[in-house]
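Just so we're aligned: the sequence shown equals residues 0 to 290 in numbering that gives the first Met the number 0.
Everything below concerns the one structure shown next.
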Amino acid sequence: MPVWKAVILGLVQGLAEFLPVSSSGHLIIIKQVLGVDLGSGGMFFDIMLHFGTLVAIFIAFHKDIAKLVAEGIHIIIDIFANIGIFFARLFRSSKEYRHIIKSSYRKFVMLVIVSTIPTGIIGILLSDIIGAANDMIMVPGVCLFITAAFLVIADLADEGIKKPKEASYVDAGIIGIAQGLSTMPGISRSGTTITACILCGFDKKFAVKYSFIMSIPAVLGAVVLELKDLQPGIIVKDDITGCIIATVVAAVAGYFSICFMMALVRGKRYKYFAIYCIIAGSIAVGYNFWG
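Laid out in structure tokens, this is it:
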């Protein structure tokens, strides 16, 4: 694969993963338009692109992620401690149980876990449909219209005030369902989950942060499932350089895309992305019939 094609695909993945315009949909469209076909190595290439955007998330939110990991470990420790206390109280011990959710970051951890469950279930149920859709430019084209509708709703909705302490696990479940549905190419994961967060009454800045951080377990889970299907030697030597370049470009572009979205959070500006999605969707549908 030529270097310039690798750069374009990396840019598309990095920018579209976090801008509310659907990276999967754009990759399908761009690959077909540019005639990119890696054969059996395409899955490995897509995994590496997602790895690049994961790196961007870890860099952009390294402080939050470090606290979430630390609190997650403490939650596990406290759960096992409570199990020990339970058995100790069977022998008339007066030791009090530890309070598990005692900080905003611990609540944040639990919210992400709750959101991940419906995402995983829906992703597994839709896996065959998603696989078939990846070969049809018509699907992301139509789904981009759905993304545009979500973005218009996000602009029309009133701004909420919920942060981790005020958010409920029902909210987290609803947002997880939204993320699961966004596995369809053309339905923006960030656009769908941010819209769901806003409709659940989340503070807009927290909505964007939650949308990006909650994607980590979902993307990691999808990568693990795809890795088990990889076979040795699936990517030819000539494509390794292009794959590395695309991954680095995706990470750099993804980082700046995250920064842009965090700065864009105030104000009703999602409608501009909605207009773009309508245009891109129209081009994809037109290309399907006349390309």
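Even for Gly, the Cβ is constructed at its ideal location relative to N, Cα and C.
Query                                                                                                                    : Result
Bridge partners - Phe-79, DSSP secondary structure assignment                                                            : None; Phe-79 has no bridge partner.
Close beta carbons around Met-260, own chain, < 6 Å, minus the five adjacent residues each side                          : Phe-17 and Val-207
Outcome for Leu-48 when other beta-carbon atoms lying within 10 angstroms are tallied against a minimum of 16            : buried
Whole alpha helix (DSSP H) elements within the region 129-161, 4-residue minimum                                         : 137-155
Residues of its chain near Leu-198, where Cβ-Cβ distance is below 6 Å and the 5 sequence neighbours each way are ignored : Ala-156
Buried versus exposed call for Ile-160 [16 or more other C-beta atoms within 10 Å across all chains shown]               : exposed
Rounded straight-line distance, which links the Cα of Tyr-275 to that of Ser-114                                         : 28 Å
Limits of the alpha helix (DSSP H) - the one that Pro-19 falls within                                                    : No alpha helix (DSSP H) holds Pro-19; DSSP gives it neither H nor E.
Close Cβ partners of Leu-219 (< 8 Å) along its chain, the five nearest in sequence each way excluded                     : Leu-53
Residue burial classification, Arg-268 (beta-carbon count within 10 angstroms, cutoff 16)                                : exposed
Which of helix, strand or coil DSSP assigns to Phe-201                                                                   : strand
Of the residues Ile-116, Ala-221 and Ile-74, the one placed nearest Ser-126, counting alpha carbons only                 : Ala-221
6 Å Cβ shell around Met-183 - same chain, five flanking residues per side excluded                                       : Cys-142
Three-state secondary structure (DSSP) of Phe-60                                                                         : coil
Given Glu-165 as reference, the closest of Ile-100, Leu-14 and Phe-60 once Cα atoms are compared                         : Ile-100
Nearest to Val-247 (by Cα), restricted to the options Ile-46, Ser-167 and Gly-130                                        : Ile-46
Exposed unless 16 or more other CB atoms sit within 10 angstroms - verdict on Val-108                                    : buried
Tyr-96 in three-state terms, based on DSSP                                                                               : coil
Anticipated Cβ contact below 8 Å, Val-2 with Gly-241, distance rounded                                                   : 6 Å
Rounded separation between Tyr-209 and Thr-146 - CA only                                                                 : 19 Å
DSSP three-state assignment for Val-264, whether helix, strand or coil                                                   : coil
Where the alpha helix (DSSP H) containing Ile-282 begins and where it ends                                               : 269-289
Length of the line joining the Cα atoms of Phe-205 and Met-135                                                           : 35 Å
Straight-line gap, Ser-167 to Phe-255 (C-alpha atoms, nearest Å)                                                         : 31 Å
Alpha-carbon to alpha-carbon, Phe-86 and Phe-43                                                                          : 48 Å
DSSP-derived helix/strand/coil call for Ile-186                                                                          : coil
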